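Quick notes on the structure that follows.
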Amino acid sequence: MVEERIRELAAEVGIELPPVRVTGDDPVLPSVFRVGGAAAVAVGAATAAAAALGGGGREVAVDVREAAAAFRDERHFRIDGVAGELWAPLSGDYRAADGWVRLHCNFDHHRDAALAALGLPPDAGRDAVVRACAGRAAVEVEESVTAAGGCAAAMRSRAEWREHPQARGVAAAPLVGLTRLGDTRLGDPGGVRAPRRGGRRPLDGVRVLDLTRVIAGPVATRTLAAHGAQVLRVGAGHLPEVPGLVIGTAFGKRSCHLDLRTAAGSAALRDLVAGADVFVQSYRPGALRSLGFGPGELAAIRPGIVCVDVSAYGGHGPWALRRGFDSLVQMACGIAHEGGDGSRPHPLPAQVLDHATGYLAAFGAMAALLRRSAEGGSWRVELSLAGTARWLDGLGRVDGAATPEPEVADLIEETDSAFGRLTYLRPPGTVGGVSPYWASPPPENGEHPPAWW
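Per the UniProt record's numbering, the sequence shown starts with residue 1, numbered consecutively.
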């Protein structure tokens with residue numbers, strides 16, 4: 001199944017990939033969904049694309065257990081032996097008058113919006129939120145919190161989601177959308193430079209701008225860094241973060257701060273774009289375009305650029321501009337409903353939508369680089385968590401609800417950093433028997449200047 005699905009992905013984006021040797025099979029994590037298979041497909045496709053960019057000729061391999069473990073790497077990440085907090089106190093599932101609703105309150109402004117929508121004071125605790133949700137319909141909470149600028153999702157069944165207008169928009173889009181933005185060809189004045197061959201690593205010389213947060217986007221750029229890309233994360237001091245996730249997904253990257261609301265910050269980003277190969281962003285659709293950094297503008301600044309857009313619910317449909325996170329998309333798309341037999345939400349055993357979308361985004365970026373090498377042009381890659389949820393649903397089911405936790409001790413490594421001693425899972429997959437790796441530990445936020453090196 002894994003090998004066939006990887007071939008389907010390659011055909012979808014119009015590239016050829018070397019064969020992938022797969023070891024292991026589902027179930028590897030406790031779930032009825034084919035989580036291990038999904039992980040192996042996403043990791044295998046990204047690893048094969050890296051091998052193709054490196055010139056091919058070496059065996060590509062992926063192990064299902066190792067790939068599935070990578071989808072939970074934030075659970076194994078430690079700083080001086082201590083795990084970080086991944087969920088804020090008010091984030092979670094709440095029983096509504098007619099079902100369940102989930103609130104995502106990891107960012108303070110999302111928490112404040114949820115409390116305001118529920119008619120609660122800013123210092124309200126979980127008990128007050130429980131009472132407020134219990135007296136309202138789940139969709140009512142979802143809509144009121146969303147309208148207030150927060151993040152929420154009512155639990156829907158698979159059948160209910162399929163009838164939703166946004167589900168129809170998601171179904172009409174490919175899993176990894178790859179489209180050409182312009183007609184620049186190799187060798188044209190101002191065109192793209194051919195990729196450098198013969199480097200030690202497949203993505204040596206490839207420059208990546210990372211304007212992402214949380215998990216999916218940072219996993220995509222961290223994967224590109226693991227195969228040798230120069231990745232510069234562009235954040236800002238005023239943007240909220242989940243500290244543990246930022247550190248754990250920053251291996252192999254540099255980090256700078258730019259305030260894109262200012263003329264100086266915007267000019268600095270334009271200078272960076274002019275020297276970039278790949279631009280990965282996970283802002284809400286249209287947010288960066290409003291600042292002058294939509295795909296068309298990026299291609300005008302840097303002919304030959306690859307623009308990777310990651311969103312929650314896709315770029316089209318009534319929810320295209322809606323904020324969303326993995327746990328919310330699981331609720332909305334029927335995954336949490338099926339996992340709990342409809343009685344209460346039961347999520348996947350990992351942030352599968354985030355991690356799968358991240359690896360698929362890295363795959364899409366590398367597929368676009370391969371197409372650019374052969375055809376020239378600027379390219380756009382589009383993915384959504386909801387699209388990944390639909391794909392996971394289509395992989396079928398497995399009798400895996402009672403599967404024991406897998407052993408991961410052999411996958412864990414340690415390194416020193418500015419934050420202390422880090423414990424982490426090594427990147428999955430191999431090319432020619434060699435695992436990808438990160439050349440540097442996570443940097444401190446904003447540690448570096450906004451410049452290429």
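The C-beta atom is built at its ideal place from N, Cα and C for all residues, glycine as well. None of these values were measured; they are calculated from a predicted model.
State yes or no: is the C-beta of residue i within less than 7 Å of the C-beta of residue j?
{"i": "residue 454", "j": "V145", "result": "As shown, the chain starts at 1 and ends at 453. That puts residue 454 outside it, with no answer to give."}
{"i": "H346", "j": "F71", "result": "no"}
{"i": "V234", "j": "L258", "result": "yes"}
{"i": "V208", "j": "V278", "result": "yes"}
{"i": "T223", "j": "Y359", "result": "yes"}
{"i": "F107", "j": "P240", "result": "yes"}
{"i": "C307", "j": "P450", "result": "no"}
{"i": "R401", "j": "V32", "result": "Looking at the sequence itself, residue 401 is Ala, so the reference to Arg does not match. For A401 and V32, yes; Cβs fall inside 7 Å."}
{"i": "W379", "j": "A368", "result": "yes"}
{"i": "V43", "j": "L90", "result": "no"}
{"i": "residue 455", "j": "P349", "result": "In this structure the chain extends from 1 to 453, so residue 455 is not present and cannot be described."}
{"i": "F363", "j": "A45", "result": "yes"}
{"i": "P18", "j": "G55", "result": "no"}
{"i": "T357", "j": "A216", "result": "yes"}
{"i": "W100", "j": "G334", "result": "no"}
{"i": "I247", "j": "V273", "result": "no"}
{"i": "V431", "j": "R58", "result": "yes"}
{"i": "A38", "j": "V22", "result": "no"}
{"i": "L178", "j": "V20", "result": "no"}
{"i": "H238", "j": "P202", "result": "no"}
{"i": "L291", "j": "L245", "result": "no"}
{"i": "L370", "j": "I15", "result": "yes"}
{"i": "G396", "j": "A173", "result": "no"}
{"i": "G252", "j": "A225", "result": "yes"}
{"i": "M366", "j": "A67", "result": "no"}
{"i": "G24", "j": "V64", "result": "yes"}
{"i": "A171", "j": "A361", "result": "no"}
{"i": "F325", "j": "H104", "result": "yes"}
{"i": "L353", "j": "T388", "result": "yes"}
Considering residue i, what are the terminal residues of the beta strand (DSSP E) in which it resides?
{"i": "R95", "result": "92-96"}
{"i": "D210", "result": "207-211"}
{"i": "W100", "result": "99-103"}
{"i": "R58", "result": "From DSSP, R58 is part of no beta strand (DSSP E); its letter is neither H nor E."}
{"i": "G249", "result": "The sequence shown places Thr at residue 249, rather than the Gly named in the question. It is not in any beta strand (DSSP E) - T249 carries neither H nor E in the DSSP assignment."}
{"i": "R180", "result": "177-180"}
{"i": "A117", "result": "Taken as a continuous stretch (DSSP letters only), A117 belongs to no beta strand (DSSP E), being part of the alpha helix (DSSP H) at 108-117."}
Could you please give me the residues that DSSP links to residue i through a beta bridge?
{"i": "F325", "result": "Bridge partners of F325: none, in fact."}
{"i": "V306", "result": "V278, W379"}
{"i": "F293", "result": "Looking at the DSSP assignment, F293 forms no beta bridge with any residue, so it has no partner."}
{"i": "I79", "result": "V82, L422"}
{"i": "T23", "result": "D63"}
{"i": "S266", "result": "Answer is none; S266 lacks a bridge partner."}
{"i": "H257", "result": "G235"}
{"i": "S311", "result": "S384"}
{"i": "Q230", "result": "R207"}
{"i": "A152", "result": "L103"}
Report back the beta-carbon spacing between residue i and residue j to the nearest angstrom; my notes put them in contact at under 8 Å.
{"i": "V35", "j": "T47", "result": "With 8 Å as the limit, V35 and T47 do not qualify as a contact, their Cβ atoms being about 18 Å apart."}
{"i": "V398", "j": "P27", "result": "5 Å"}
{"i": "A336", "j": "R322", "result": "With 8 Å as the limit, A336 and R322 do not qualify as a contact, their Cβ atoms being about 17 Å apart."}
{"i": "R102", "j": "A152", "result": "7 Å"}
{"i": "D80", "j": "R421", "result": "5 Å"}
{"i": "A250", "j": "P436", "result": "Actually they are not in contact, since the Cβ atoms of A250 and P436 sit about 16 Å apart, beyond 8 Å."}
{"i": "L269", "j": "F293", "result": "7 Å"}
{"i": "G446", "j": "P303", "result": "Not quite, the Cβ-Cβ distance comes to about 30 Å (not below 8 Å), so this is no contact."}
{"i": "A52", "j": "D98", "result": "With 8 Å as the limit, A52 and D98 do not qualify as a contact, their Cβ atoms being about 50 Å apart."}
{"i": "V310", "j": "L383", "result": "5 Å"}
{"i": "A134", "j": "L120", "result": "So it is not a contact: roughly 13 Å between Cβ atoms."}
Under DSSP, the alpha helix (DSSP H) around residue i begins and ends at which residues?
{"i": "S144", "result": "138-147"}
{"i": "T223", "result": "216-226"}
{"i": "R158", "result": "158-162"}
{"i": "G37", "result": "35-53"}
{"i": "R7", "result": "2-13"}
{"i": "residue 458", "result": "Here the chain comprises residues numbered 1 to 453, so residue 458 is not present and cannot be evaluated."}
{"i": "C133", "result": "126-134"}
{"i": "G286", "result": "Segment: none, G286 is in no alpha helix (DSSP H) and carries neither H nor E."}
{"i": "A336", "result": "335-339"}
Say the cut is 6 Å; is the CB of residue i nearer than that to a heavy atom of the ligand SAH?
{"i": "V62", "result": "Inclusion of the ligand SAH in the displayed structure is not the case, the ligand content being empty and no account of it being possible."}
Report the residue ranges of all alpha helix (DSSP H) runs contained in full by the segment 343-396; include only those spanning at least 4 residues, in chain order.
Listed in chain order, the complete alpha helix (DSSP H) runs (minimum 4 residues) inside the segment 343-396 are 352-375, 385-394.
Could you pull out every unbroken beta strand (DSSP E) segment of at least 3 residues lying fully inside the segment 390-450, listed in chain order?
For the segment 390-450, whole beta strand (DSSP E) runs of length 3 or above, ordered along the chain, are 412-417, 420-425.
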